[in-house]
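Visitor: Residue numbers (the working numbering), protein chains in the order written: chain F, 6 to 301; chain G, -19 to 327. Yeah, the Cβ is synthetic: ideal placement off N, Cα and C, and Gly gets one too. These figures come from a predicted structure and were not determined experimentally. First the structure, which I've put down as structure tokens, then a few questions once you've had a look.
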Amino acid sequence: MNSLLFVLEDSLSGLMTGGVYALMAVGMVLVFKATRVVNFAHGAIMMVGTYFFFSMSAMAQALAVTFWVTVPLALIATGLLGALLERVLMRPLLGQSVFSMIMVTVGLISVLEGLAALIWTTEAQYPPALFALEITFINGIAINLQMFWSFVVGVGVFILIAVVLFLTRTGVALRATAFDQGTAYAMGINVPRVFSLTWMLASMTGCLAGLLLAPLNSLTPALGHLGLSVLAVIILGGLDSILGTLIAALLIGWLEAMAGHYLGGDWRGVMPYAVVLAIILVRPYGLFGTREVERL
Amino acid sequence: MYIGSARLSYRADEAIWQRPAHRGSVAALLLALLLLPLFGNDYTLLLAGQLCIYVIAITGLNLLTGYTGLISLGQGAFMGIGAYATAVLASRYGLPIWITFPGAMAITALAGIAVGLPSLRVRGLYLTIATLAANVIIIFIIRKMEWLTGGDRGISVTPASIFGVPIQAELAKYLLIMPIAAIFVLFAQNLFRTKVGRAFIAIREQDYSAEILGISLLRYKLTAFALGSAYAGAAGCLWTYFFTALTPNQFDLGLSILFLAALIVGGMGTVLGPVFGAVFVVLVPEVLRSLASLATPYYPMALQATAPLTEIIYGLLIIGFLIFEPMGLTALWNRFWRYIDRWPFTR
């Protein structure tokens, strides 16, 4: 009975982590949908955004203002960074091979990590946690409230984005671009603006995910490596499916927790990669992705 | 000025180096490499040895990524397999380098074939992510097989010995590694004058079309993976004897990214590309370090800034070359020599 309780506890905490993964993954999915580029640097952008928040909250503290003021500021700053990166790095490569664009994002990881190490040093920092660490018991099951609220915010923002995507004009423009870029141009959709918007939105959601994750891990330039394990989420979900991403994120979070529970903590990190390898071998288009048909 | 080449025999037409200038420059390069120990100190030889190992590994990646178009983020882990295979064979079983070198190559080639299997089903981005995942998993396995590999504590070997001569001094190591690197580069150069090499290039251009032309994708994609990883295995083997101590984290994703970066900067799908790329990734930190030590009297923090700066410069180089010169340094090099060749008529 007792061991079942532990499994249940770990499952819950895994699912909650999955909620934050969903928030991280949605940025990558948005960028992929619009531009067909998997942004390997998404995690690095998230890391830089979290450092923005760290510095701003330190300033806020010096001015005796609550750090909540700096949350939107950090989000906006990261969004602008994303738009800038898109404009300066990705736009010149428009129409070039996807390989070049993906490798540019790989190069971007090095640049952002190096810059962060240069500016904020590689020492672990502890930005203020959005939600206090608190543990409550429901029917004897321990629930970490910090993670619970992170989960709520993660899934909430995820649903918000899905609503925007399916119900607003901007969302329609984005989906049209994703569906067929040429036709989208022909229908008068400002496709480059869509690219800018998606990068901005993706960076902002990434930054938010970073704020939620920073108290759980500590903030170092290596925080961005989490972005690579989120690759598992988007591949499992099918790269371009919003619903698939949410389900895959929860599933990966749960699998990680189970690996940690049954095999030991160091298996957690390798779990997403094992999943991704299996998925690519068995079902490369993921659970809910569109199968790509290639014509010669 | 260079006008044209008259080839008077089939032999001349088939030669690798067609002009006296080519033959001369290759001879001069080899001579310079042989004479380097006379001028360089131990530190130079250390860098040169490391450079040669990188050249082998990156040439292997080039066979796979540059020529066959299978983008791999797993070359670092393959090198790790080669290195650990060598270390285990040498330290646990006491085998000499004559056996560990081909052994490491064979084991790594088998691992490469295993990792290459997804390439029959998926391409492009998916394959890149699959190799990335394989990289993480391979390093994890090496770390977990503590009874064999020593885990995070690492493993060490005694220096290799050839004909009873221990390869311990930097000079001896250099004289062992440099010719091997030269042979491996020459092999790659020659490979693309054969059926296999041309099949690789056809697969890169469009694999379905290649299959329609009668090229077996199964056979040639796996051959490319086997060859590319065998190169990595050779590099790993030499790495083991070069540094004589290993830890798993030397071969993590960072090394794979470094190799891919070097290949892009040097020029994909060219024989010279990996050489230029390796020179670049080895020399950039050195140049930065010497600049930093010059700057230390004015900025005491300068030396600490070199590691992040190196990372930034690597990243910027990848991005810059991809945006402005996707063919890499080799394209610049070729353009320079074309300018010289056509000199009075160039602007």
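Select from the region 194 to 215 of chain F all residues with a C-beta closer than 8 Å to any C-beta belonging to chain G, and list them in chain order.
Guide: If the cut-off is 8 Å between Cβ atoms, the region 194 to 215 of chain F has nothing near chain G.
Visitor: At a Cβ cut of 9 Å, what residues of the region 281 to 295 of chain G count as close to chain F, listed as they run along the chain?
Guide: Within the region 281 to 295 of chain G, the residues whose Cβ lies closer than 9 Å to some Cβ of chain F are 284, 285, 287, 288, 289, 290, 291, 292, 293, 294 and 295, listed in chain order.
Visitor: Could you check what DSSP says for residue 183 of chain G in three-state terms: helix, strand or coil?
Guide: Along the second sequence, one-based indexing puts residue 183 of chain G at 203. Residue 183 of chain G: helix per DSSP, three-state reduction.
Visitor: Any beta carbon of chain F sitting closer than 8 Å to that of residue 109 of chain G?
Guide: Position 129 of the second sequence, counting from 1, holds the residue named residue 109 of chain G. Closer than 8 Å to some Cβ of chain F, the Cβ of residue 109 of chain G qualifies, so yes.
Visitor: Would residue 241 of chain G pass as an interface residue toward chain F - the criterion being a Cβ-Cβ separation below 8 Å?
Guide: Counting from 1 along the second sequence, the entry for residue 241 of chain G is found at position 261. Yes - at least one Cβ of chain F is within 8 Å of the one on residue 241 of chain G.
Visitor: State yes or no: is the beta carbon of residue 113 of chain G nearer than 8 Å to at least one beta carbon in chain F?
Guide: The sequence position of residue 113 of chain G within the second sequence is 133, counting from 1. For residue 113 of chain G, the answer is yes, since a Cβ of chain F falls inside 8 Å of its Cβ.
Visitor: Taking 8 Å as the threshold (beta carbon to beta carbon), is residue 111 of chain F in contact with chain G?
Guide: Within the first sequence, numbered from 1, the residue matching residue 111 of chain F stands at position 106. Judged by the 8 Å Cβ criterion, residue 111 of chain F is in contact with chain G.
Visitor: For residue 130 of chain F, which beta-bridge partners are listed by DSSP?
Guide: Here residue 130 of chain F corresponds to residue number 125 of the first sequence, with the count starting at 1. Note: residue 130 of chain F sits in a beta bridge opposite F:224.
Visitor: Please tell me whether residue 120 of chain G has its Cβ less than 8 Å away from any Cβ of chain F.
Guide: Here residue 120 of chain G refers to the residue found at position 140 when the second sequence is read from its first residue. Yes, residue 120 of chain G counts as interfacial toward chain F.
Visitor: Say the cut is 7 Å; is the CB of residue 56 of chain G nearer than that to a heavy atom of the ligand NAP?
Guide: In the structure on display, the ligand NAP does not appear, and there are no ligands present to speak of.
Visitor: For chain F, find out if any of its Cβ atoms is closer than 8 Å to the Cβ of residue 302 of chain G; answer yes or no.
Guide: Here residue 302 of chain G refers to the residue found at position 322 of the second sequence. True, the Cβ-Cβ gap to chain F drops below 8 Å.
Visitor: Go through the region 127 to 178 of chain G residue by residue and report every complete run of the beta strand (DSSP E) that reaches 3 residues or more, in order.
Guide: Listed in chain order, nothing qualifies, since the region 127 to 178 of chain G has no complete beta strand (DSSP E) run of 3 or more residues.
Visitor: Mind checking if residue 224 of chain F is an interface residue toward chain G, Cβ cutoff 8 Å exclusive?
Guide: Along the first sequence, read from residue 1 onward, the residue named residue 224 of chain F stands at position 219. Output row for residue 224 of chain F: interface = no.
Visitor: Comparing the C-beta of residue 50 of chain F with each C-beta of chain G, is any distance below 8 Å?
Guide: Numbered from its first residue, the first sequence carries residue 50 of chain F at position 45. Chain G, which has no Cβ nearer than 8 Å to the Cβ of residue 50 of chain F, makes this no.
Visitor: Candidates F:52, F:51, F:241 and F:78: which alpha carbon is nearest residue 64 of chain F's?
Guide: Here residue 64 of chain F corresponds to residue number 59 of the first sequence, with the count starting at 1. It is F:78.
Visitor: Using a cut-off of 9 Å between C-beta atoms, extract the partners of residue 278 of chain F located in chain G.
Guide: Position 273 of the first sequence holds residue 278 of chain F. Within 9 Å Cβ-Cβ: 112, 113, 114, 115, 116, 117 and 120.
Visitor: Residues in the region 36 to 68 of chain G with C-beta within 7 Å of chain F's C-beta atoms, listed in sequence order?
Guide: Per Cβ criterion, the list reads 51.
Visitor: Look up residue 48 of chain G in the DSSP assignment and say whether it is helix, strand or coil.
Guide: Position 68 of the second sequence, counted from the start, is the residue given in the question as residue 48 of chain G. In this structure, residue 48 of chain G counts as coil in the three-state DSSP scheme.
Visitor: Anyone know if the C-beta pair for residue 105 of chain G and residue 81 of chain F falls short of 8 Å?
Guide: The residue you call residue 105 of chain G lines up with position 125 of the second sequence. The residue you call residue 81 of chain F lines up with position 76 of the first sequence. No, Cβ-Cβ distance for residue 105 of chain G and residue 81 of chain F is not below 8 Å.
Visitor: Considering Cα atoms alone, identify which of G:309, G:230 and G:234 is closest to residue 247 of chain G.
Guide: Position 267 of the second sequence, counted from the start, is the residue given in the question as residue 247 of chain G. Among G:309, G:230 and G:234, the Cα nearest to that of residue 247 of chain G belongs to G:309.
Visitor: Helix, strand or coil: how does DSSP classify residue 301 of chain F here?
Guide: Within the first sequence, numbered from 1, the residue matching residue 301 of chain F stands at position 296. Only weak support is given to the placement of residue 301 of chain F: the predicted model assigns it a pLDDT of 49, under 50, and the question is left unresolved by the model.
Visitor: Please list, in chain order, all residues of the same chain as residue 227 of chain G whose beta carbon is under 7 Å from its beta carbon, the five residues on each side excluded.
Guide: Here residue 227 of chain G is taken as the residue at index 247 of the second sequence, counted from 1. Result list for residue 227 of chain G: 132 and 134, in chain order.
Visitor: Are there 16 or more other CB atoms within 10 angstroms of the CB of residue 166 of chain F, so buried, or fewer, so exposed?
Guide: Within the first sequence, numbered from 1, the residue matching residue 166 of chain F stands at position 161. The residue is buried, with at least 16 neighbouring Cβ atoms inside 10 Å.
Visitor: Apart from the five residues on each side of it in sequence, which residues of its chain come closer than 7 Å, Cβ to Cβ, to residue 290 of chain G?
Guide: Translated into positions along the second sequence, residue 290 of chain G becomes position 310. Cβ neighbours of residue 290 of chain G beyond the five flanking positions: 264, 265 and 268.
Visitor: Can you tell me which of G:127, G:13, G:12 and G:-17 puts its alpha carbon nearest to the alpha carbon of residue -1 of chain G?
Guide: For the purposes of this step, residue -1 of chain G is identified with residue 19 of the second sequence, where counting begins at 1. The option with the nearest alpha carbon to residue -1 of chain G is G:-17.
Visitor: Quick check: what's the CA-CA separation for residue 130 of chain G versus residue 123 of chain G?
Guide: By one-based count along the second sequence, residue 130 of chain G stands at place 150. By one-based count along the second sequence, residue 123 of chain G stands at place 143. In a straight line, the C-alpha of residue 130 of chain G is about 8 Å away from that of residue 123 of chain G.
Visitor: Counting only runs that start and end within the region 103 to 184 of chain F, where is the beta strand (DSSP E) found for 3 or more residues in a row?
Guide: Runs found: 140 to 143 and 146 to 149.
Visitor: Scan the region 22 to 43 of chain F for residues whose Cβ lies nearer than 8 Å to a Cβ of chain G and list them as they occur along the chain.
Guide: Answer set for the region 22 to 43 of chain F: 43.
Visitor: Along chain G, in chain order, which residues have C-beta atoms closer than 7 Å to that of residue 119 of chain F?
Guide: Here residue 119 of chain F refers to the residue found at position 114 of the first sequence. 288, 289, 291, 292 and 295, listed in chain order.
Visitor: Hey, would you say residue 213 of chain G sits closer than 8 Å to residue 85 of chain G, going by beta carbons?
Guide: Here residue 213 of chain G refers to the residue found at position 233 of the second sequence. Here residue 85 of chain G refers to the residue found at position 105 of the second sequence. Yes, these two residues count as a Cβ contact at 8 Å.
Visitor: Can you find a C-beta in chain G that's less than 8 Å from the C-beta of residue 231 of chain F?
Guide: By one-based count along the first sequence, residue 231 of chain F stands at place 226. Judged by the 8 Å Cβ criterion, residue 231 of chain F is not in contact with chain G.
Visitor: Helix or strand or just coil, what does DSSP make of residue 226 of chain G?
Guide: The count along the second sequence starts at 1 and reaches residue 226 of chain G at position 246. Three-state result, residue 226 of chain G: strand.
Visitor: CB residue 32 of chain F to CB residue 211 of chain F, shorter than 8 Å?
Guide: Along the first sequence, one-based indexing puts residue 32 of chain F at 27. Along the first sequence, one-based indexing puts residue 211 of chain F at 206. Against a cut-off of 8 Å, the Cβ pair of residue 211 of chain F and residue 32 of chain F comes out as a contact.
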